[in-house]
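Chains as they are written, first to last, in this note's numbering: chain A, 1 to 243; chain B, 1001 to 1243. Glycine is no exception: its CB is placed at the ideal position from the N, C-alpha and C atoms.
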């Protein structure tokens, strides 16, 4: 939202944005143990939210989301997917946006475009946790990783947006090689299993998981390198280059 | 669009709608032979388009789409699903909307909200062809069924929207019982196969299809009734009530 916060600007057109259209992004990362998402906290409000933003009048929706993610994570070429549009009337609560702007020292008039109703397009992103230094934007104190089973209370319908993103991830788990984007280039079978368990929200039997994964024919197993450590060190795998 | 066409109304707010947000609907029906969709033709323009519309300031996005479909088809409780948001800058061609409005005897100023940029949410609907009498709206001459392999040239990116809807239908074919919404309550195996073939765009071997469908355990076969006709009349099936 950083270019949209000049207090003298009251209409979306003057600000250079499309009115009524926002996006919210559920940015998944895996720290080797847990599935996490990025959450922003707004200055002086105790409000926690998904990183989101608006669409400039001369940019595509996808480009707007890519721009926002780049500003937040420094990453380009992120795996990004639309998953649902949130268009209920209940998500129109102008007092919340007012609170956020006031918390950052702005004084919006009631007609300010940011206080109007927004329909939000949900996107999820899968990124390699280690490549990222989360950056708060101008309105936010912080932008931090939270484990998906330990999220703070989120504003508006953002919790519902996270739930829907997870459902989509589950539905896509077998057909879209989710792991490619969440794991380092080489990983252990256990790490892969932990990604699956975190997304599915349930434990999987180790032998069942291993057999199913190997049967897909998408994993390449690498030779163990002699490191002087125990020969019980796990095998490392990588994904075969997709066709 | 029928409530949005008063020429004295220039802003979306005055018209009671959200600016910049539209929907386009791909309404699938099956006539027993072919998969078809509803296409509108605008007065005096030779422009063909998907039935679409706008969101009132006080209604949810889903309700706006349901309202539009009811106005077009007289049907409530339609099976309806969001599938993609179309947000490119290239779809902003104000001359086309101007042509449509002029064709209906309106004289919009360049600032008219309908001539501004729209991001469109694509929805697909599956309806029982026989229940429907398509109704053109105020801007349109006609609203007619067209076989999906014999569509007229569609305006803007509407052809791309149809393609994406079909892709989604294909992806969902096995998990969402698409046939329930496209077929009458009782149908032959051949009719079911024709629905699948139309969606997949390819022929399926009859025996393969029949075996796969029966193996799913979702079909109930009904006794043939004695009608005096040949006993070679095909069996009728219905879907088992979903769990």
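Three or more C-beta pairs below 8 Å linking the stretch 1019-1026 of chain B and the stretch 1111-1121 of chain B: yes
Taking any Cβ of chain B, which residues in the stretch 103-136 of chain A have a Cβ under 7 Å from it, in chain order? 117, 119, 121
Entirely enclosed alpha helix (DSSP H) segments - the stretch 53-104 of chain A, minimum 4 residues: 61-73, 94-103
Near residue 1033 of chain B, which residues of its chain fall below 8 Å by C-beta distance, leaving aside the five closest residues on each side in sequence? Against the second chain, residue 1033 of chain B aligns to sequence position 33. Closer than 8 Å at Cβ, skipping near neighbours: 1194.
Could you tell me whether the stretch 189-208 of chain A touches the stretch 76-93 of chain A, using the rule of 3 or more Cβ pairs below 8 Å? no
I'd like to know if residue 1141 of chain B contacts chain A, where contact means its C-beta is closer than 8 Å to some C-beta of that chain. Indexing the second chain from 1 puts residue 1141 of chain B at position 141. No - not a single Cβ of chain A is within 8 Å of the one on residue 1141 of chain B.
Cβ separation of residue 1037 of chain B and residue 1026 of chain B, assumed to be a contact under 8 Å, to the nearest whole Å: Position 37 of the second chain, counted from the start, is the residue given in the question as residue 1037 of chain B. Position 26 of the second chain, counted from the start, is the residue given in the question as residue 1026 of chain B. That pair is a contact at about 6 Å.
Could you list which residues in chain A have their beta carbon closer than 7 Å to that of residue 1095 of chain B, in chain order? As a first step, residue 1095 of chain B must be located in the second chain, where it is residue number 95. Within 7 Å Cβ-Cβ: nothing; residue 1095 of chain B doesn't reach chain A, min ~18 Å.
With DSSP as the reference, please indicate the residues paired to residue 41 of chain A in a beta bridge. Walking along the first chain from the start, residue 41 of chain A turns up at place 41. For residue 41 of chain A, which the question treats as bridged, DSSP gives the partners A/48, A/142.
Drop a sphere of 10 angstroms on the beta-carbon of residue 137 of chain A, count the other beta-carbons inside from all chains shown, and report buried for 16 or more, exposed for fewer. Residue numbering aside, residue 137 of chain A sits at position 137 when the first chain is read from its first letter. Buried, by the Cβ-count rule.
Assuming residue 198 of chain A is part of the alpha helix (DSSP H), what are its boundary residues? The sequence position of residue 198 of chain A within the first chain is 198, counting from 1. Here the alpha helix (DSSP H) through residue 198 of chain A covers 189-200.
Could you spell out where the alpha helix (DSSP H) holding residue 212 of chain A opens and where it closes? Along the first chain, read from residue 1 onward, the residue named residue 212 of chain A stands at position 212. Run containing residue 212 of chain A: 206-215, per the alpha helix (DSSP H) assignment.
Per DSSP, what are the beta-bridge partners of residue 1026 of chain B in this structure? Against the second chain, residue 1026 of chain B aligns to sequence position 26. Partner(s): B/1124.
Kindly indicate which residue of A/49, A/182, A/178 has the alpha-carbon position closest to the one of residue 132 of chain A. Residue mapping note: residue 132 of chain A aligns to position 132 of the first chain, counting from 1. When only C-alpha atoms are compared, the closest one is A/182.
The alpha helix (DSSP H) spanning residue 112 of chain A covers which residue range? Counting from one through the first chain, the residue named residue 112 of chain A turns up at place 112. Here residue 112 of chain A belongs to no alpha helix (DSSP H), and DSSP marks it neither H nor E.
Leaving aside the five residues before and after residue 65 of chain A along the sequence, list all residues of the same chain whose C-beta is less than 7 Å from its C-beta, in chain order. Numbered from its first residue, the first chain carries residue 65 of chain A at position 65. Counting only Cβ-Cβ distances below 7 Å, and skipping sequence neighbours, we find 23, 25, 80, 123.
If contact means a Cβ-Cβ distance below 9 Å, which residues of the stretch 1188-1207 of chain B contact chain A? none
Check the Cβ-Cβ distances between residue 82 of chain A and every residue of chain B, and say whether any is below 8 Å. On the first chain, residue 82 of chain A is found 82 positions in, with the first residue counted as 1. Output row for residue 82 of chain A: interface = yes.
List, in chain order, every chain B residue whose beta-carbon is nearer than 7 Å to that of residue 19 of chain A. Walking along the first chain from the start, residue 19 of chain A turns up at place 19. Within 7 Å Cβ-Cβ: 1019, 1020.
With DSSP as the reference, label residue 1015 of chain B as helix, strand or coil. As a position in the second chain, residue 1015 of chain B is number 15, starting the count at 1. Helix, per DSSP.
Residue 58 of chain A versus chain B: which residues are under 7 Å apart at the beta carbon? Residue numbering aside, residue 58 of chain A sits at position 58 when the first chain is read from its first letter. Under the 7 Å cutoff, chain B gives 1089.
Using a Cβ distance threshold of 8 Å, determine whether the stretch 1008-1016 of chain B contacts the stretch 1138-1145 of chain B, with at least three qualifying pairs required. no
Among B/1188, B/1155, B/1041, B/1072, which one has its Cα closest to the Cα of residue 1223 of chain B? The residue given as residue 1223 of chain B occupies position 223 in the second chain. Minimum Cα distance to residue 1223 of chain B is reached at B/1188.
Is the shortest distance between the beta-carbon of residue 85 of chain A and the beta-carbons of chain B less than 8 Å? Within the first chain, residue 85 of chain A is the residue found at index 85, counting from 1. Yes, its Cβ sits closer than 8 Å to a Cβ of chain B.
Could you tell me whether the Cβ of residue 1024 of chain B comes closer than 8 Å to any Cβ of chain A? As a first step, residue 1024 of chain B must be located in the second chain, where it is residue number 24. It does not: the Cβ of residue 1024 of chain B has no partner Cβ on chain A nearer than 8 Å.
Taking 8 Å as the CB-CB limit, is residue 31 of chain A close to chain B? Counting from 1 along the first chain, the entry for residue 31 of chain A is found at position 31. It does not: the Cβ of residue 31 of chain A has no partner Cβ on chain B nearer than 8 Å.
Just checking my contact of residue 1085 of chain B with residue 102 of chain A at CB under 8 Å: how many whole Å lie between their CB atoms? Counting from 1 along the second chain, the entry for residue 1085 of chain B is found at position 85. Counting from 1 along the first chain, the entry for residue 102 of chain A is found at position 102. Not really, about 31 Å apart at Cβ, beyond 8 Å.
Counterpart residues of residue 1154 of chain B in DSSP-defined beta bridges: Residue mapping note: residue 1154 of chain B aligns to position 154 of the second chain, counting from 1. Looking at the DSSP assignment, residue 1154 of chain B forms a beta bridge with B/1048.
Below 8 Å between beta carbons: does that hold for residue 1168 of chain B and residue 1099 of chain B? Within the second chain, the letter at position 168 stands for residue 1168 of chain B. Within the second chain, the letter at position 99 stands for residue 1099 of chain B. Against a cut-off of 8 Å, the Cβ pair of residue 1099 of chain B and residue 1168 of chain B comes out as no contact.
Mapping DSSP to helix, strand and coil, what is residue 1117 of chain B? Along the second chain, read from residue 1 onward, the residue named residue 1117 of chain B stands at position 117. Here residue 1117 of chain B sits in coil by DSSP.
Along chain A, which residues have their Cβ under 7 Å away from the Cβ of residue 1062 of chain B? Residue mapping note: residue 1062 of chain B aligns to position 62 of the second chain, counting from 1. Ordered by position in chain A, the residues that pass the 7 Å Cβ test against residue 1062 of chain B are 87.
What is the residue span of the alpha helix (DSSP H) that residue 1236 of chain B lies within? As a first step, residue 1236 of chain B is located in the second chain; it is residue number 236 there, counting from the start. It is not in any alpha helix (DSSP H) - residue 1236 of chain B instead sits in the beta strand (DSSP E) that spans 1236-1239.
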